[in-house]
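Report on the following structure.
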Amino acid sequence: MTRRGFARDPAPPRAALALLAWRLGGVHDEPLVGDLIESFAERAQRDGSVAARRWFWRETARIALQSWPAPRRTPPAPTETPMKHLLNDLHFALRMVARTPTVSLLTIVTLALGIGATSAIFSVAYPALFQAPPYRDPARLALLWERDLDGTTSNIGFTTFRDLVRDSRTIESAAAMAFWQPTIVDGQQTERLQGQRVTHRFFEVLGVTPTLGRTFTPDEDRYQQNRAVVISHGLWQRRFGGDSSVLGRALAIGTYTVTIVGVLPPTFESLLSPGTEIWAPLGYDETLPWACRTCRHLRMVARIAPGISVSAAEEELSGLMAGLVQRHPTEYVVPRMALTPLHSYLVQGSRPALLTLLGAVVLVTLIACANAANLLLGRVLRRESEFAVRTALGASRRRLTGQVITEGLLLALIGGALGVLIAIGGVQLLVRLAPPGIPRLDQVRVDAGVLAFTFGLSIAAGLAASALPVLAAGRANLHGILKSGARGLTIGMRHRLRATLVVSEVALAVMLLAGATLLFQSLGRLLAVDAGFDPSRRLTMEVQVTGDAASNDTTLHAFWRAALDAVRAVPGVEHAAIASQIPLGGNLDMYSLHLEERAGANPAEDPSAMRYAVTPDFLAAMGIPLIRGRWLTAQDAEAAPSVVALNRTAAERLYPGQDPIGRRLRVGGGEDAPWRTVVGVVGNTLHRGLDAAEEMQVYLPAVQWWGESGMTLVLRTQGDPSSVTGAVRSALRSIGPPVAVEGVATMESLVSRSTAERRFALALFQAFALVALVLAGAGIYGVLSASVVERTREIGIRSALGAPRERILGFVMRQGIALAAVGVVIGVGTSIAAGGLIARLLYGVRPHEPTTLLFVTVTLGALACLACVIPAWRASRVDPVTALREG
Amino acid sequence: MPNALGEFEQLILLALVRLGDDAYGVSIQAEIARRTRRDVGPGAVYKTLLRLEEKGFVSSWLGEPTRRRGGRRKKHYRLEPAGALELRRSLAALRGMTRGLTPTLELQ
Numbered sequence: 001m002t003r004r005g006f007a008r009d010p011a012p013p014r015a016a017l018a019l020l021a022w023r024l025g026g027v028h029d030e031p032l033v034g035d036l037i038e039s040f041a042e043r044a045q046r047d048g049s050v051a052a053r054r055w056f057w058r059e060t061a062r063i064a065l066q067s068w069p070a071p072r073r074t075p076p077a078p079t080e081t082p083m084k085h086l087l088n089d090l091h092f093a094l095r096m097v098a099r100t101p102t103v104s105l106l107t108i109v110t111l112a113l114g115i116g117a118t119s120a121i122f123s124v125a126y127p128a129l130f131q132a133p134p135y136r137d138p139a140r141l142a143l144l145w146e147r148d149l150d151g152t153t154s155n156i157g158f159t160t161f162r163d164l165v166r167d168s169r170t171i172e173s174a175a176a177m178a179f180w181q182p183t184i185v186d187g188q189q190t191e192r193l194q195g196q197r198v199t200h201r202f203f204e205v206l207g208v209t210p211t212l213g214r215t216f217t218p219d220e221d222r223y224q225q226n227r228a229v230v231i232s233h234g235l236w237q238r239r240f241g242g243d244s245s246v247l248g249r250a251l252a253i254g255t256y257t258v259t260i261v262g263v264l265p266p267t268f269e270s271l272l273s274p275g276t277e278i279w280a281p282l283g284y285d286e287t288l289p290w291a292c293r294t295c296r297h298l299r300m301v302a303r304i305a306p307g308i309s310v311s312a313a314e315e316e317l318s319g320l321m322a323g324l325v326q327r328h329p330t331e332y333v334v335p336r337m338a339l340t341p342l343h344s345y346l347v348q349g350s351r352p353a354l355l356t357l358l359g360a361v362v363l364v365t366l367i368a369c370a371n372a373a374n375l376l377l378g379r380v381l382r383r384e385s386e387f388a389v390r391t392a393l394g395a396s397r398r399r400l401t402g403q404v405i406t407e408g409l410l411l412a413l414i415g416g417a418l419g420v421l422i423a424i425g426g427v428q429l430l431v432r433l434a435p436p437g438i439p440r441l442d443q444v445r446v447d448a449g450v451l452a453f454t455f456g457l458s459i460a461a462g463l464a465a466s467a468l469p470v471l472a473a474g475r476a477n478l479h480g481i482l483k484s485g486a487r488g489l490t491i492g493m494r495h496r497l498r499a500t501l502v503v504s505e506v507a508l509a510v511m512l513l514a515g516a517t518l519l520f521q522s523l524g525r526l527l528a529v530d531a532g533f534d535p536s537r538r539l540t541m542e543v544q545v546t547g548d549a550a551s552n553d554t555t556l557h558a559f560w561r562a563a564l565d566a567v568r569a570v571p572g573v574e575h576a577a578i579a580s581q582i583p584l585g586g587n588l589d590m591y592s593l594h595l596e597e598r599a600g601a602n603p604a605e606d607p608s609a610m611r612y613a614v615t616p617d618f619l620a621a622m623g624i625p626l627i628r629g630r631w632l633t634a635q636d637a638e639a640a641p642s643v644v645a646l647n648r649t650a651a652e653r654l655y656p657g658q659d660p661i662g663r664r665l666r667v668g669g670g671e672d673a674p675w676r677t678v679v680g681v682v683g684n685t686l687h688r689g690l691d692a693a694e695e696m697q698v699y700l701p702a703v704q705w706w707g708e709s710g711m712t713l714v715l716r717t718q719g720d721p722s723s724v725t726g727a728v729r730s731a732l733r734s735i736g737p738p739v740a741v742e743g744v745a746t747m748e749s750l751v752s753r754s755t756a757e758r759r760f761a762l763a764l765f766q767a768f769a770l771v772a773l774v775l776a777g778a779g780i781y782g783v784l785s786a787s788v789v790e791r792t793r794e795i796g797i798r799s800a801l802g803a804p805r806e807r808i809l810g811f812v813m814r815q816g817i818a819l820a821a822v823g824v825v826i827g828v829g830t831s832i833a834a835g836g837l838i839a840r841l842l843y844g845v846r847p848h849e850p851t852t853l854l855f856v857t858v859t860l861g862a863l864a865c866l867a868c869v870i871p872a873w874r875a876s877r878v879d880p881v882t883a884l885r886e887g
Numbered sequence: 888m889p890n891a892l893g894e895f896e897q898l899i900l901l902a903l904v905r906l907g908d909d910a911y912g913v914s915i916q917a918e919i920a921r922r923t924r925r926d927v928g929p930g931a932v933y934k935t936l937l938r939l940e941e942k943g944f945v946s947s948w949l950g951e952p953t954r955r956r957g958g959r960r961k962k963h964y965r966l967e968p969a970g971a972l973e974l975r976r977s978l979a980a981l982r983g984m985t986r987g988l989t990p991t992l993e994l995q
């Protein structure tokens, strides 16, 4: 470049031009600077360029020092206000949406799915996870636990509770709670209710005032004086028709009568014991055998004093506990207490599942955003020349950016509005399908809070979708476009932008698919687990007897014998047994075991085991295998020597490397408990759930234990177990005493119920993963199609230069598969990194299970190939002549 | 007299009358410089024209960009009737004040 050597017009100083442009703000500069340049040229010819430059600088300085009117009245008159801008943009965006209805609709629908699903999951998760419990000053409420040697927490004994409440300065008030299932006998109508027995300050601790009547007095909270009950608003409406004269009414409960003293407000939610409709005073004092220090079967809730932190209260109570351990060394071991804030206690069960689902829907929404971004990007790129011209005509970059964002927001808000409908439907579906473990499900609805969330989410989605296109619009090389009419962004840049979107979509889809696959594998492994019993053709029900038959051990044992005889006579029943609890039944009875070999050991350190009081047919009725020795028989009667059978784990842990048969142990401490001889060993069963660890279990003959008024009946039937339900019910009633039958279920349904939460999470994850796959496939397809159209000319040249069709086909395929590969690698990497988040929902698989990741990789690979085929085929059909002429 | 013309405004309006269709920044400036021997800057000319246009005394339109102007367009100006009226008034006032004084002024 040696043009300097030729006679060339001298140019005015660039710095001065820049100063003018800055000072005049692009409004006045065109004609004025034109005048300056024109005069400059004249002067340069007349006086020489040095003088001309000096003149130019002087004039520039004069102009810069003057004040210039605001650009109101000067052409081109930008009379638009921001509001007008918005209306214009909106109008324009609507026109764009109307002009490309299919693509716009697709984008709106994907956004609606993402936003709707997120809002639906959010409305379920919000009351369960984030809303404070609906009690007065809930942050001060906590549950208190004793601790076990292995670090786990356990319930508390009554005497311990009393000592702590008396001595603590950090808790303001506290209550102990016990499970209660009273059966109301009202003429022919016998109904078993969910209830709670609580110490008298329970409602005061929660801060609940009854709408009718009162709560309990200290006098009512005494042994055999506890005959007052408080009922829920629901029970009041259902059973008493909302009659306000219900106060003082007597209610026959089993063998005794109670009096209604209060009705709770309709807003009260029993979160500490879901489903509870009736409360009675606990009625304990320290003299009662079940109020002992080791009788750890009560839950304790406390209101911490104002200004005291949970950890400070825990510290103080642990100090008190250390004192108790010193004074009663045979009854306590661990000198610490544990405090769980009420809110954490309520959410801990369902938190992992809900958070994982929330994460999954956020991924779906992100994919929908990426799709919307791709659509907007396509529009921006098609309108590059238009944008360039408008910039030259004075439209600021901010205006153009505003237009892209308006379009993104419009799509997202329409999507959000549809999303609200999806959320309303989705919430109903979720509440219907949800497993029972999710707290406060009855509070779930699409309310103002959820609508606000949806609105915010829509705005966020719109902005997220506009971000990349805005970047593209900003990068466009306007000068180049105007000069040559060429494209502003190079093909490489366009491709990179689109590639970014596809890679993110694929990566997100990989994460969702990996999650869904892991949950699927978990469920498969879980269902393949041997529960230790045979669930097929087994029917169970909880039977409660009331009246005189329930008055003492003798009448109770007699009633259960009669009940078994009556049920065995029902056609179709092969085996029938009664048990105090059954695996997966939801009860948990644990008793300490004291071995004869270790008679001198501290009873506080005795191991505990699940205790089943059963009748002889139990093993056959459940299908549990006998491993050693003999099973309990009818000969093990009340007066016969006391016996016990152990499960395999109990035998191995209590008598490692020895033969347990013939050894003796006590079940449930106390010096007066009889020594029981071990007669046999049976297989393990999974009691708490299919994912539970193996635990020690002991079986006793029901007649060698005290009589219980509520037992579980287990039947093995010849055919369909549910077909005998009616006949069994009438057989039980025909015995005479009033009987309530609840919880009729086949063993198979109990197994399936124990996996309900997993199946729920899996079903949702599968749906989300499917949506993600479709969107990611559509994304790859869209990007490749656009890329092929843009490169028509290049492909034409290649083909004209003799590239065979197969090579062009392979070239495009490779391009798509390469994108998918990058996405898969990122997705797999992120899945491994984020694996911990889903780990708590998994069973028997690791978060980074190689087979899962392989499956995900292969699926996404196949999807990518499928999405590439049509664009690649189209590319291979490009006619070089047409391509070159048109391009 | 809010609309009373300043001296420089008068000069510019008179230049417009003289230049007719060819009035734009550079030609106006050159006309004034040639006849008054004053070196007026383009900025002053442009700013005064803005003010006159705001008052409705002149109107303007954009022409074609030329290479000599670095690709910028010319802004052409034309005297509007209101401007012409004001100019006449202003000159009449001046004439009224100078009548009979010419010999004295020329002596000094």
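In order, the protein sequence lines correspond to chains Z and G. Using our numbering, you'd call the opening residue of the first sequence number 1 and step up by one each time. Using our numbering, you'd call the opening residue of the second sequence number 888 and step up by one each time. For every residue, glycine included, the Cβ atom is placed at its ideal position computed from N, Cα and C. In this text the structure is predicted, and so the values were computed from the model without any measurement.
Have a look at residue i and residue j and give me their C-alpha separation to the nearest angstrom.
i, j, result
"Ile-63 (chain Z)", "Phe-895 (chain G)", "17 Å"
"Ala-507 (chain Z)", "Gly-779 (chain Z)", "12 Å"
"Val-878 (chain Z)", "Arg-805 (chain Z)", "9 Å"
"Glu-695 (chain Z)", "Gln-704 (chain Z)", "23 Å"
"Thr-908 (chain Z)", "Thr-356 (chain Z)", "For residue 908 (chain Z) there is no data in the structure shown, the boundaries of chain Z being 1 and 887."
"Pro-76 (chain Z)", "Val-788 (chain Z)", "Annotation note: pLDDT 47 at Pro-76 (chain Z) (below 50); position unreliable, no value reported."
"Gly-515 (chain Z)", "Pro-583 (chain Z)", "30 Å"
"Arg-729 (chain Z)", "Thr-555 (chain Z)", "20 Å"
"Pro-12 (chain Z)", "Leu-898 (chain G)", "28 Å"
"Arg-956 (chain G)", "Leu-94 (chain Z)", "42 Å"
Any heavy atom of the ligand SAM closer than 6 Å to the CB of residue i?
i, result
"Gly-408 (chain Z)", "The ligand SAM is not part of the structure shown, which contains no ligands of any sort."
Using beta-carbon positions only, say whether residue i and residue j come within less than 7 Å of one another.
i, j, result
"Pro-737 (chain Z)", "Gly-586 (chain Z)", "no"
"Gly-689 (chain Z)", "Glu-542 (chain Z)", "no"
"Leu-32 (chain Z)", "Tyr-933 (chain G)", "yes"
"Thr-112 (chain Z)", "Gly-426 (chain Z)", "The amino acid at residue 112 (chain Z) is misidentified as Thr; the sequence shows Ala. Result no, Cβ atoms of Ala-112 (chain Z) and Gly-426 (chain Z) do not sit closer than 7 Å."
"Ala-872 (chain Z)", "Val-812 (chain Z)", "yes"
"Pro-182 (chain Z)", "His-200 (chain Z)", "no"
Relative to the C-alpha of residue i, which residue among the options is closest?
i, options, result
"Glu-505 (chain Z)", "Z:Ile-367, Z:Leu-411, Z:Phe-768 and Z:Asn-552", "Z:Ile-367"
"Ala-614 (chain Z)", "Z:Ala-599, Z:Ala-634, Z:Ser-608 and Z:Leu-595", "Rather than Ala, the amino acid found at residue 614 (chain Z) in this sequence is Val. Answer by Cα proximity: Z:Ala-634."
"Leu-468 (chain Z)", "Z:Glu-59, Z:Ser-536 and Z:Leu-377", "Z:Leu-377"
"Cys-369 (chain Z)", "Z:Ala-452, Z:Arg-663, Z:Leu-463 and Z:Ser-730", "Z:Leu-463"
"Asp-163 (chain Z)", "Z:Ala-128, Z:Asp-285, Z:Asp-148 and Z:Ala-61", "Z:Asp-285"
"Asp-35 (chain Z)", "G:Thr-923, G:Arg-922 and G:Ala-931", "G:Ala-931"
"Arg-965 (chain G)", "G:Thr-923, G:Arg-925 and G:Leu-936", "G:Leu-936"
Give a yes or no on whether the minimum CB-CB distance between residue i and chain G is below 7 Å.
i, result
"Leu-32 (chain Z)", "yes"
"Leu-54 (chain Z)", "Residue 54 (chain Z) is actually Arg in this sequence, not Leu. Judged by the 7 Å Cβ criterion, Arg-54 (chain Z) is not in contact with chain G."
"Ala-41 (chain Z)", "yes"
"Asp-47 (chain Z)", "no"
Is the shortest distance between the beta-carbon of residue i and the beta-carbons of chain Z less than 7 Å?
i, result
"Arg-975 (chain G)", "no"
"Val-927 (chain G)", "no"
"Arg-905 (chain G)", "no"
"Gly-943 (chain G)", "no"
"Glu-896 (chain G)", "no"
Identify the residues that DSSP records as bridge partners of residue i: which are they?
i, result
"Phe-179 (chain Z)", "Z:Gln-196"
"Leu-686 (chain Z)", "Leu-686 (chain Z) is not bridged to any residue."
"Val-301 (chain Z)", "Z:Leu-143 and Z:Ala-175"
"Tyr-591 (chain Z)", "Z:Ala-609"
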